[in-house]
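Numbering (UniProt numbering), first residue to last: 1 to 479. Everything below concerns the one structure shown next.
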(Lines of atoms letter the chains of each structure in order from A and count residues from 1; the text may use other names and numbers.)
(Lines give C-alpha, C1' and ligand atoms only; values in the text may rest on other atoms or scores of the structure.)
Protein backbone atom coordinates (compact mmCIF):
# COMPACT_ATOMS: atom_id res chain seq x y z
CA UNK A 1 0.00 0.00 0.00
CA UNK A 2 1.24 3.46 -0.86
CA UNK A 3 1.77 5.32 2.46
CA UNK A 4 0.76 8.58 0.79
CA UNK A 5 -2.76 7.22 0.31
CA UNK A 6 -3.27 6.72 4.05
CA UNK A 7 -2.49 10.30 5.03
CA UNK A 8 -5.78 11.88 3.83
CA UNK A 9 -7.76 9.31 5.86
CA UNK A 10 -6.20 10.66 9.04
CA UNK A 11 -6.24 14.30 7.96
CA UNK A 12 -9.77 15.05 9.25
CA UNK A 13 -8.86 13.43 12.59
CA UNK A 14 -5.64 15.45 12.99
CA UNK A 15 -7.03 17.80 15.73
CA UNK A 16 -8.14 14.80 17.81
CA UNK A 17 -4.79 13.07 17.27
CA UNK A 18 -2.96 16.21 18.39
CA UNK A 19 -5.08 16.43 21.53
CA UNK A 20 -4.68 12.75 22.39
CA UNK A 21 -0.92 12.85 21.84
CA UNK A 22 -0.69 16.02 23.93
CA UNK A 23 -2.71 14.39 26.73
CA UNK A 24 -0.33 11.41 26.83
CA UNK A 25 2.69 13.72 26.97
CA UNK A 26 1.03 15.70 29.78
CA UNK A 27 0.39 12.52 31.76
CA UNK A 28 4.06 11.54 31.42
CA UNK A 29 5.23 15.04 32.33
CA UNK A 30 2.89 15.17 35.32
CA UNK A 31 4.04 11.77 36.56
CA UNK A 32 7.67 12.90 36.43
CA UNK A 33 6.95 16.18 38.24
CA UNK A 34 4.86 14.50 40.93
CA UNK A 35 2.40 16.37 43.13
CA UNK A 36 3.91 19.80 42.61
CA UNK A 37 1.50 22.60 41.59
CA UNK A 38 0.24 22.19 38.03
CA UNK A 39 0.69 25.75 36.73
CA UNK A 40 3.09 24.58 34.00
CA UNK A 41 0.59 21.89 33.00
CA UNK A 42 -2.10 24.52 32.56
CA UNK A 43 0.18 26.47 30.21
CA UNK A 44 0.91 23.29 28.23
CA UNK A 45 -2.85 22.58 28.02
CA UNK A 46 -3.50 26.12 26.77
CA UNK A 47 -0.78 25.79 24.13
CA UNK A 48 -2.25 22.44 23.06
CA UNK A 49 -5.73 23.93 22.74
CA UNK A 50 -4.40 26.83 20.65
CA UNK A 51 -2.48 24.49 18.31
CA UNK A 52 -5.57 22.29 17.95
CA UNK A 53 -7.70 25.36 17.24
CA UNK A 54 -5.38 26.28 14.36
CA UNK A 55 -5.54 22.68 13.09
CA UNK A 56 -9.35 22.81 13.13
CA UNK A 57 -9.38 26.05 11.14
CA UNK A 58 -7.13 24.42 8.52
CA UNK A 59 -9.58 21.57 7.89
CA UNK A 60 -11.52 21.64 4.59
CA UNK A 61 -15.10 22.96 4.58
CA UNK A 62 -16.48 20.24 2.32
CA UNK A 63 -17.95 17.11 3.89
CA UNK A 64 -15.41 14.30 4.36
CA UNK A 65 -16.14 10.94 5.99
CA UNK A 66 -13.31 8.82 7.36
CA UNK A 67 -12.60 6.02 9.86
CA UNK A 68 -14.99 3.71 8.06
CA UNK A 69 -17.64 6.41 7.82
CA UNK A 70 -17.94 6.79 11.59
CA UNK A 71 -16.22 10.20 11.65
CA UNK A 72 -17.25 13.20 9.57
CA UNK A 73 -15.83 16.67 9.12
CA UNK A 74 -17.73 19.52 7.49
CA UNK A 75 -18.32 23.23 7.96
CA UNK A 76 -20.67 22.64 10.89
CA UNK A 77 -18.18 20.41 12.71
CA UNK A 78 -15.37 22.93 12.14
CA UNK A 79 -17.39 25.81 13.57
CA UNK A 80 -18.63 23.95 16.65
CA UNK A 81 -15.19 22.46 17.38
CA UNK A 82 -13.71 25.95 17.24
CA UNK A 83 -16.31 27.16 19.77
CA UNK A 84 -15.64 24.15 22.01
CA UNK A 85 -11.88 24.75 22.00
CA UNK A 86 -12.41 28.44 22.84
CA UNK A 87 -14.67 27.43 25.73
CA UNK A 88 -12.14 24.90 27.05
CA UNK A 89 -9.32 27.43 26.81
CA UNK A 90 -11.49 29.92 28.72
CA UNK A 91 -12.09 27.32 31.42
CA UNK A 92 -8.35 26.72 31.81
CA UNK A 93 -7.51 30.45 31.95
CA UNK A 94 -10.20 31.10 34.56
CA UNK A 95 -8.81 28.31 36.74
CA UNK A 96 -5.17 29.45 36.87
CA UNK A 97 -5.33 31.72 39.91
CA UNK A 98 -8.33 30.04 41.57
CA UNK A 99 -6.81 26.57 41.79
CA UNK A 100 -3.56 27.94 43.22
CA UNK A 101 -5.27 30.03 45.90
CA UNK A 102 -7.61 27.19 46.88
CA UNK A 103 -4.68 24.78 47.19
CA UNK A 104 -6.01 22.34 44.58
CA UNK A 105 -3.63 23.15 41.72
CA UNK A 106 -2.79 19.60 40.68
CA UNK A 107 -1.50 18.42 37.33
CA UNK A 108 -4.50 16.16 36.68
CA UNK A 109 -6.93 19.05 36.16
CA UNK A 110 -5.69 20.34 32.76
CA UNK A 111 -5.27 16.73 31.57
CA UNK A 112 -8.91 16.03 32.39
CA UNK A 113 -9.95 19.21 30.56
CA UNK A 114 -8.02 18.04 27.49
CA UNK A 115 -9.52 14.53 27.64
CA UNK A 116 -12.99 15.99 28.07
CA UNK A 117 -12.40 18.25 25.05
CA UNK A 118 -11.35 15.25 22.94
CA UNK A 119 -14.69 13.64 23.82
CA UNK A 120 -16.53 16.82 22.82
CA UNK A 121 -14.75 16.96 19.47
CA UNK A 122 -15.59 13.31 18.87
CA UNK A 123 -19.32 13.74 19.47
CA UNK A 124 -19.38 16.79 17.20
CA UNK A 125 -17.95 14.71 14.33
CA UNK A 126 -19.63 11.40 15.19
CA UNK A 127 -21.36 9.92 12.14
CA UNK A 128 -22.73 6.79 13.78
CA UNK A 129 -24.22 5.80 17.11
CA UNK A 130 -21.16 3.89 18.34
CA UNK A 131 -18.74 6.78 17.75
CA UNK A 132 -21.27 9.09 19.40
CA UNK A 133 -21.44 6.93 22.52
CA UNK A 134 -17.66 6.51 22.80
CA UNK A 135 -17.08 10.27 22.53
CA UNK A 136 -19.87 11.00 24.99
CA UNK A 137 -18.45 8.62 27.58
CA UNK A 138 -14.97 10.14 27.28
CA UNK A 139 -16.52 13.57 27.83
CA UNK A 140 -18.67 12.38 30.73
CA UNK A 141 -16.07 10.38 32.66
CA UNK A 142 -13.65 13.30 32.64
CA UNK A 143 -16.42 15.68 33.72
CA UNK A 144 -17.42 13.53 36.71
CA UNK A 145 -13.88 13.73 38.06
CA UNK A 146 -13.37 17.48 37.66
CA UNK A 147 -16.77 18.17 39.26
CA UNK A 148 -15.37 16.55 42.43
CA UNK A 149 -11.85 17.91 41.95
CA UNK A 150 -11.87 19.76 45.28
CA UNK A 151 -11.94 16.42 47.08
CA UNK A 152 -11.70 17.94 50.58
CA UNK A 153 -14.87 19.97 49.98
CA UNK A 154 -18.11 18.18 50.80
CA UNK A 155 -20.12 20.17 48.24
CA UNK A 156 -17.66 19.34 45.46
CA UNK A 157 -17.60 15.61 46.18
CA UNK A 158 -21.40 15.61 46.42
CA UNK A 159 -21.61 17.37 43.05
CA UNK A 160 -19.32 14.80 41.45
CA UNK A 161 -21.31 11.89 42.90
CA UNK A 162 -24.67 13.30 41.76
CA UNK A 163 -23.29 13.99 38.31
CA UNK A 164 -21.89 10.46 38.08
CA UNK A 165 -25.06 8.65 39.19
CA UNK A 166 -27.43 10.64 37.00
CA UNK A 167 -24.96 10.70 34.12
CA UNK A 168 -24.71 6.91 34.21
CA UNK A 169 -28.49 6.70 34.00
CA UNK A 170 -28.59 9.02 31.00
CA UNK A 171 -25.82 7.06 29.25
CA UNK A 172 -27.86 3.89 29.73
CA UNK A 173 -30.93 5.56 28.24
CA UNK A 174 -28.94 6.76 25.24
CA UNK A 175 -27.44 3.30 24.73
CA UNK A 176 -30.85 1.62 25.01
CA UNK A 177 -32.34 4.07 22.53
CA UNK A 178 -29.44 3.50 20.15
CA UNK A 179 -29.96 -0.28 20.32
CA UNK A 180 -33.64 0.15 19.44
CA UNK A 181 -32.81 2.44 16.53
CA UNK A 182 -30.25 -0.10 15.32
CA UNK A 183 -32.72 -2.95 15.72
CA UNK A 184 -35.41 -1.27 13.64
CA UNK A 185 -33.15 0.32 11.02
CA UNK A 186 -30.43 -2.32 10.71
CA UNK A 187 -27.60 0.22 10.88
CA UNK A 188 -25.78 2.50 13.31
CA UNK A 189 -24.61 4.89 10.57
CA UNK A 190 -26.47 8.21 10.47
CA UNK A 191 -26.73 8.35 6.63
CA UNK A 192 -28.00 4.75 6.50
CA UNK A 193 -30.54 5.40 9.28
CA UNK A 194 -31.72 8.51 7.42
CA UNK A 195 -32.23 6.45 4.25
CA UNK A 196 -34.12 3.64 5.97
CA UNK A 197 -36.31 5.63 8.38
CA UNK A 198 -38.56 7.63 6.08
CA UNK A 199 -42.18 8.68 6.54
CA UNK A 200 -44.31 6.46 8.79
CA UNK A 201 -41.88 4.33 10.80
CA UNK A 202 -42.66 1.69 13.38
CA UNK A 203 -43.37 2.44 17.02
CA UNK A 204 -40.15 0.71 18.05
CA UNK A 205 -37.98 3.18 16.15
CA UNK A 206 -39.95 6.08 17.66
CA UNK A 207 -39.41 4.71 21.17
CA UNK A 208 -35.71 4.40 20.41
CA UNK A 209 -35.68 7.99 19.19
CA UNK A 210 -37.32 9.11 22.45
CA UNK A 211 -34.62 7.38 24.53
CA UNK A 212 -31.85 8.87 22.37
CA UNK A 213 -33.42 12.32 22.83
CA UNK A 214 -33.58 11.74 26.59
CA UNK A 215 -29.87 10.90 26.74
CA UNK A 216 -28.99 13.98 24.71
CA UNK A 217 -31.29 16.19 26.80
CA UNK A 218 -29.40 15.21 29.94
CA UNK A 219 -26.08 16.27 28.45
CA UNK A 220 -27.40 19.73 27.54
CA UNK A 221 -29.32 20.23 30.82
CA UNK A 222 -32.71 20.32 29.14
CA UNK A 223 -35.93 19.74 31.08
CA UNK A 224 -36.99 17.18 32.31
CA UNK A 225 -33.41 15.88 32.58
CA UNK A 226 -31.99 18.99 34.20
CA UNK A 227 -32.11 17.87 37.83
CA UNK A 228 -28.34 17.54 38.22
CA UNK A 229 -27.51 21.01 36.94
CA UNK A 230 -28.16 23.38 39.92
CA UNK A 231 -26.43 21.13 42.48
CA UNK A 232 -23.43 20.39 40.25
CA UNK A 233 -23.03 24.05 39.28
CA UNK A 234 -23.18 25.17 42.91
CA UNK A 235 -20.96 22.44 44.35
CA UNK A 236 -18.20 22.32 41.73
CA UNK A 237 -15.22 24.70 41.95
CA UNK A 238 -16.22 27.92 40.18
CA UNK A 239 -13.84 27.54 37.18
CA UNK A 240 -15.20 24.01 36.69
CA UNK A 241 -18.73 25.41 36.74
CA UNK A 242 -17.70 27.96 34.10
CA UNK A 243 -16.29 25.11 32.01
CA UNK A 244 -19.48 23.04 32.39
CA UNK A 245 -21.65 26.01 31.46
CA UNK A 246 -19.67 26.68 28.28
CA UNK A 247 -17.77 23.84 26.59
CA UNK A 248 -20.07 20.78 27.04
CA UNK A 249 -23.03 22.95 26.01
CA UNK A 250 -21.33 23.67 22.66
CA UNK A 251 -20.69 19.97 22.08
CA UNK A 252 -24.12 18.94 23.36
CA UNK A 253 -26.05 21.25 21.04
CA UNK A 254 -23.81 20.21 18.13
CA UNK A 255 -24.49 16.57 18.99
CA UNK A 256 -28.25 17.13 19.13
CA UNK A 257 -28.21 18.97 15.82
CA UNK A 258 -26.07 16.31 14.13
CA UNK A 259 -28.20 13.41 15.36
CA UNK A 260 -31.61 14.83 14.49
CA UNK A 261 -30.71 16.57 11.23
CA UNK A 262 -28.33 13.90 9.86
CA UNK A 263 -29.89 10.67 11.15
CA UNK A 264 -33.63 11.43 11.30
CA UNK A 265 -34.47 13.99 8.57
CA UNK A 266 -37.24 11.78 7.17
CA UNK A 267 -39.22 11.76 10.43
CA UNK A 268 -39.03 15.47 11.22
CA UNK A 269 -42.64 15.60 12.42
CA UNK A 270 -42.01 12.95 15.09
CA UNK A 271 -38.84 14.37 16.63
CA UNK A 272 -39.98 17.96 16.19
CA UNK A 273 -42.69 17.34 18.79
CA UNK A 274 -40.08 16.08 21.26
CA UNK A 275 -37.82 19.08 20.73
CA UNK A 276 -40.71 21.56 20.99
CA UNK A 277 -41.79 20.06 24.32
CA UNK A 278 -38.25 20.06 25.72
CA UNK A 279 -37.71 23.63 24.51
CA UNK A 280 -40.89 24.99 26.09
CA UNK A 281 -40.29 23.14 29.38
CA UNK A 282 -36.67 24.36 29.57
CA UNK A 283 -37.57 27.98 28.84
CA UNK A 284 -40.38 27.95 31.40
CA UNK A 285 -38.38 26.33 34.19
CA UNK A 286 -35.32 28.47 33.47
CA UNK A 287 -37.43 31.62 33.69
CA UNK A 288 -39.42 30.84 36.83
CA UNK A 289 -37.05 28.70 38.94
CA UNK A 290 -34.23 31.26 38.83
CA UNK A 291 -36.37 34.05 40.30
CA UNK A 292 -35.97 32.88 43.90
CA UNK A 293 -32.29 31.98 43.69
CA UNK A 294 -29.78 33.81 45.88
CA UNK A 295 -26.65 31.86 44.94
CA UNK A 296 -25.31 33.22 41.64
CA UNK A 297 -23.97 29.86 40.49
CA UNK A 298 -27.39 28.23 40.99
CA UNK A 299 -28.99 31.18 39.24
CA UNK A 300 -26.62 30.67 36.28
CA UNK A 301 -27.54 26.98 36.29
CA UNK A 302 -31.20 27.81 35.73
CA UNK A 303 -30.16 30.48 33.25
CA UNK A 304 -28.26 27.84 31.25
CA UNK A 305 -31.33 25.59 31.28
CA UNK A 306 -33.41 28.45 29.88
CA UNK A 307 -30.80 29.31 27.27
CA UNK A 308 -30.70 25.71 26.07
CA UNK A 309 -34.46 25.97 25.62
CA UNK A 310 -34.05 29.04 23.42
CA UNK A 311 -31.33 27.35 21.34
CA UNK A 312 -33.58 24.31 20.85
CA UNK A 313 -36.14 26.57 19.16
CA UNK A 314 -33.76 26.77 16.20
CA UNK A 315 -33.32 22.98 16.14
CA UNK A 316 -37.10 22.46 16.33
CA UNK A 317 -37.46 24.41 13.08
CA UNK A 318 -35.49 21.65 11.33
CA UNK A 319 -34.29 24.03 8.62
CA UNK A 320 -30.95 25.52 7.56
CA UNK A 321 -32.11 28.85 9.02
CA UNK A 322 -32.88 27.10 12.31
CA UNK A 323 -29.45 25.47 12.51
CA UNK A 324 -27.89 28.83 11.67
CA UNK A 325 -29.83 30.30 14.58
CA UNK A 326 -28.56 27.54 16.89
CA UNK A 327 -24.94 28.24 15.90
CA UNK A 328 -25.27 32.01 16.35
CA UNK A 329 -27.05 31.53 19.68
CA UNK A 330 -24.41 29.18 21.07
CA UNK A 331 -21.52 31.44 19.99
CA UNK A 332 -23.09 34.41 21.75
CA UNK A 333 -24.10 32.32 24.77
CA UNK A 334 -20.47 31.23 25.11
CA UNK A 335 -19.26 34.83 25.41
CA UNK A 336 -22.03 35.83 27.85
CA UNK A 337 -21.43 32.81 30.10
CA UNK A 338 -17.65 33.06 30.30
CA UNK A 339 -17.92 36.81 30.91
CA UNK A 340 -20.39 36.32 33.76
CA UNK A 341 -18.29 33.65 35.44
CA UNK A 342 -15.21 35.84 35.11
CA UNK A 343 -16.98 38.41 37.28
CA UNK A 344 -18.07 35.71 39.75
CA UNK A 345 -14.43 34.63 40.06
CA UNK A 346 -13.54 38.24 40.84
CA UNK A 347 -15.75 38.16 43.96
CA UNK A 348 -12.99 37.29 46.42
CA UNK A 349 -11.74 38.83 49.67
CA UNK A 350 -8.65 37.10 50.99
CA UNK A 351 -9.29 33.37 51.02
CA UNK A 352 -13.07 33.66 50.82
CA UNK A 353 -15.11 33.42 47.60
CA UNK A 354 -18.52 35.13 47.62
CA UNK A 355 -21.37 33.67 45.61
CA UNK A 356 -24.66 35.35 46.54
CA UNK A 357 -26.52 38.08 44.69
CA UNK A 358 -26.38 40.27 47.81
CA UNK A 359 -22.58 40.16 47.68
CA UNK A 360 -22.79 42.31 44.53
CA UNK A 361 -24.33 45.17 46.50
CA UNK A 362 -23.10 48.58 45.39
CA UNK A 363 -20.44 47.16 43.07
CA UNK A 364 -21.01 50.12 40.74
CA UNK A 365 -19.37 52.34 43.35
CA UNK A 366 -16.59 50.01 44.50
CA UNK A 367 -15.79 48.39 41.11
CA UNK A 368 -17.45 50.51 38.40
CA UNK A 369 -15.80 48.77 35.42
CA UNK A 370 -16.61 45.32 36.78
CA UNK A 371 -20.21 46.33 37.44
CA UNK A 372 -20.54 47.78 33.95
CA UNK A 373 -19.25 44.57 32.35
CA UNK A 374 -21.54 42.33 34.44
CA UNK A 375 -24.44 44.69 33.71
CA UNK A 376 -23.81 44.27 29.99
CA UNK A 377 -23.78 40.49 30.38
CA UNK A 378 -27.08 40.58 32.27
CA UNK A 379 -28.73 42.87 29.72
CA UNK A 380 -27.46 40.64 26.94
CA UNK A 381 -28.72 37.46 28.64
CA UNK A 382 -32.08 39.17 29.06
CA UNK A 383 -32.14 39.83 25.31
CA UNK A 384 -32.13 43.61 25.45
CA UNK A 385 -30.92 45.39 22.28
CA UNK A 386 -28.45 46.41 20.97
CA UNK A 387 -26.36 43.78 22.79
CA UNK A 388 -25.54 40.39 21.28
CA UNK A 389 -28.12 38.43 23.30
CA UNK A 390 -30.96 40.22 21.52
CA UNK A 391 -29.71 39.11 18.12
CA UNK A 392 -29.21 35.54 19.38
CA UNK A 393 -32.85 35.26 20.41
CA UNK A 394 -34.02 37.07 17.28
CA UNK A 395 -32.20 34.49 15.13
CA UNK A 396 -33.95 31.47 16.67
CA UNK A 397 -37.36 33.19 16.94
CA UNK A 398 -37.20 34.22 13.29
CA UNK A 399 -36.29 30.67 12.24
CA UNK A 400 -39.25 29.30 14.23
CA UNK A 401 -41.67 31.76 12.62
CA UNK A 402 -40.43 30.86 9.13
CA UNK A 403 -41.00 27.18 9.98
CA UNK A 404 -44.61 27.93 11.08
CA UNK A 405 -43.78 27.42 14.76
CA UNK A 406 -45.30 30.77 15.69
CA UNK A 407 -46.67 29.57 19.05
CA UNK A 408 -43.21 28.34 20.07
CA UNK A 409 -41.67 31.71 19.19
CA UNK A 410 -44.36 33.55 21.18
CA UNK A 411 -43.75 31.34 24.23
CA UNK A 412 -40.04 32.08 23.86
CA UNK A 413 -40.68 35.83 23.87
CA UNK A 414 -42.93 35.59 26.95
CA UNK A 415 -40.47 33.47 28.96
CA UNK A 416 -37.67 35.81 27.90
CA UNK A 417 -39.56 38.74 29.39
CA UNK A 418 -40.17 36.82 32.62
CA UNK A 419 -36.51 35.76 32.82
CA UNK A 420 -35.39 39.35 32.40
CA UNK A 421 -36.55 39.96 35.99
CA UNK A 422 -33.73 38.08 37.69
CA UNK A 423 -31.10 39.46 35.32
CA UNK A 424 -32.25 43.03 35.95
CA UNK A 425 -32.42 42.36 39.70
CA UNK A 426 -28.67 41.79 39.64
CA UNK A 427 -28.19 45.13 37.88
CA UNK A 428 -30.41 46.79 40.49
CA UNK A 429 -28.37 45.30 43.36
CA UNK A 430 -25.10 46.50 41.82
CA UNK A 431 -26.24 50.04 41.07
CA UNK A 432 -28.81 50.94 43.75
CA UNK A 433 -27.98 48.97 46.91
CA UNK A 434 -25.54 50.11 49.57
CA UNK A 435 -21.96 49.15 48.69
CA UNK A 436 -20.24 46.24 50.40
CA UNK A 437 -16.53 45.96 51.08
CA UNK A 438 -14.22 46.04 48.05
CA UNK A 439 -13.05 42.77 46.51
CA UNK A 440 -9.44 41.84 45.86
CA UNK A 441 -7.82 42.76 42.55
CA UNK A 442 -8.94 40.51 39.72
CA UNK A 443 -6.27 38.12 38.32
CA UNK A 444 -4.85 38.99 34.89
CA UNK A 445 -6.25 35.88 33.19
CA UNK A 446 -9.76 36.54 34.47
CA UNK A 447 -9.50 40.17 33.32
CA UNK A 448 -8.50 38.99 29.85
CA UNK A 449 -11.48 36.65 29.54
CA UNK A 450 -13.88 39.33 30.80
CA UNK A 451 -12.47 41.95 28.42
CA UNK A 452 -12.71 39.70 25.36
CA UNK A 453 -16.25 38.58 26.20
CA UNK A 454 -17.41 42.15 26.86
CA UNK A 455 -15.95 43.37 23.57
CA UNK A 456 -17.68 40.55 21.68
CA UNK A 457 -21.07 41.16 23.33
CA UNK A 458 -20.96 44.84 22.31
CA UNK A 459 -19.22 44.43 18.96
CA UNK A 460 -21.61 41.79 17.62
CA UNK A 461 -24.49 44.27 17.73
CA UNK A 462 -22.42 46.68 15.62
CA UNK A 463 -20.80 44.22 13.19
CA UNK A 464 -22.85 40.99 13.13
CA UNK A 465 -22.10 40.06 9.51
CA UNK A 466 -18.89 37.98 9.93
CA UNK A 467 -20.34 35.60 12.53
CA UNK A 468 -23.71 35.35 10.77
CA UNK A 469 -22.04 34.59 7.43
CA UNK A 470 -19.82 31.92 9.02
CA UNK A 471 -22.84 30.39 10.79
CA UNK A 472 -24.82 30.34 7.55
CA UNK A 473 -22.01 28.52 5.73
CA UNK A 474 -21.66 26.04 8.62
CA UNK A 475 -25.41 25.33 8.72
CA UNK A 476 -25.65 24.84 4.96
CA UNK A 477 -23.09 22.01 5.18
CA UNK A 478 -25.72 19.85 6.94
CA UNK A 479 -28.33 20.23 4.19
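Where a beta carbon is used, it is the ideal one built from N, C-alpha and C, also for glycine.
For residue 71, the enclosing beta strand (DSSP E) begins and ends at 71-73. Cβ neighbours of residue 464 within its own chain (closer than 7 Å, five residues either side excluded): 391. A residue is called buried when at least 16 other Cβ atoms come within 10 angstroms of its Cβ; residue 437 does not meet this threshold and is exposed. 8 Å or more divides the Cβ of residue 337 from the Cβ of residue 451. Counting C-beta atoms within 10 angstroms of its own C-beta, residue 351 has fewer than 16 neighbours from the protein chains shown and is therefore classed as exposed. With a 10 Å radius around the Cβ and a threshold of 16 neighbouring Cβ atoms, residue 415 comes out buried.
Residues of the same chain with a CB within less than 8 Å of the CB of residue 39, apart from the 5 flanking positions on each side, are 96, 100, 105 in chain order. Following the DSSP letters along the chain, one finds residue 434 in no beta strand (DSSP E), marked with neither H nor E. Note on geometry: alpha-carbon atoms of residue 209 and residue 255 lie some 14 Å from one another.
Taking the Cα positions, residue 389 is about 10 Å away from residue 376. Between the stretch 263-276 and the stretch 286-299 there are fewer than three inter-stretch CB-CB distances shorter than 8 Å, so the stretches are not counted as touching. Within the model, the alpha-carbon separation for residue 479 versus residue 63 is close to 11 Å.
Across the structure, residue 424 and residue 189 are spaced so that their CA atoms are roughly 46 Å apart. The residues 215, 218, in chain order, have a CB closer than 6 Å to that of residue 170 in the same chain once the five nearest residues on each side in sequence are set aside. CA-CA distance, residue 403 to residue 327, rounds to 17 Å.
Using a C-beta cut-off of 8 Å, the stretch 151-165 makes no contact with the stretch 107-114, since fewer than three inter-stretch Cβ pairs fall below that distance. In the three-state scheme derived from DSSP, where H, G and I count as helix and E and B as strand, residue 378 is classed as helix. Measuring C-alpha to C-alpha distances from residue 381 to each of 178, 84, 287 identifies 287 as the nearest. Per DSSP, residue 64 is one residue of the beta strand (DSSP E) stretching across 64-66. Shown here for residue 455: not one same chain residue has a beta carbon closer than 6 Å to its own, the five before and five after excluded. Cβ contact annotation for residue 253 (same chain, cutoff 7 Å, sequence separation greater than five): 220, 311, 326, 330, in chain order.
Here residue 83 has 250, 330, 331, 334 as same chain residues with Cβ atoms under 7 Å from its own Cβ, once five neighbours each way along the sequence are excluded.
Along the length of the stretch 7-62, whole alpha helix (DSSP H) runs at least 4 residues long occupy 14-33, 39-57, reported in chain order. A direct Cα-to-Cα measurement between residue 137 and residue 55 gives close to 24 Å. Per DSSP, residue 225 lies in no alpha helix (DSSP H) and is assigned neither H nor E. By the Cβ neighbour-count rule, residue 10 is exposed, with fewer than 16 other Cβ atoms within 10 Å of its own. Excluding five sequence positions before and after residue 406, the CB atoms of its chain that fall closer than 8 Å to its own CB belong to 400, given in chain order. As a beta-bridge residue in DSSP terms, residue 352 pairs with 349.
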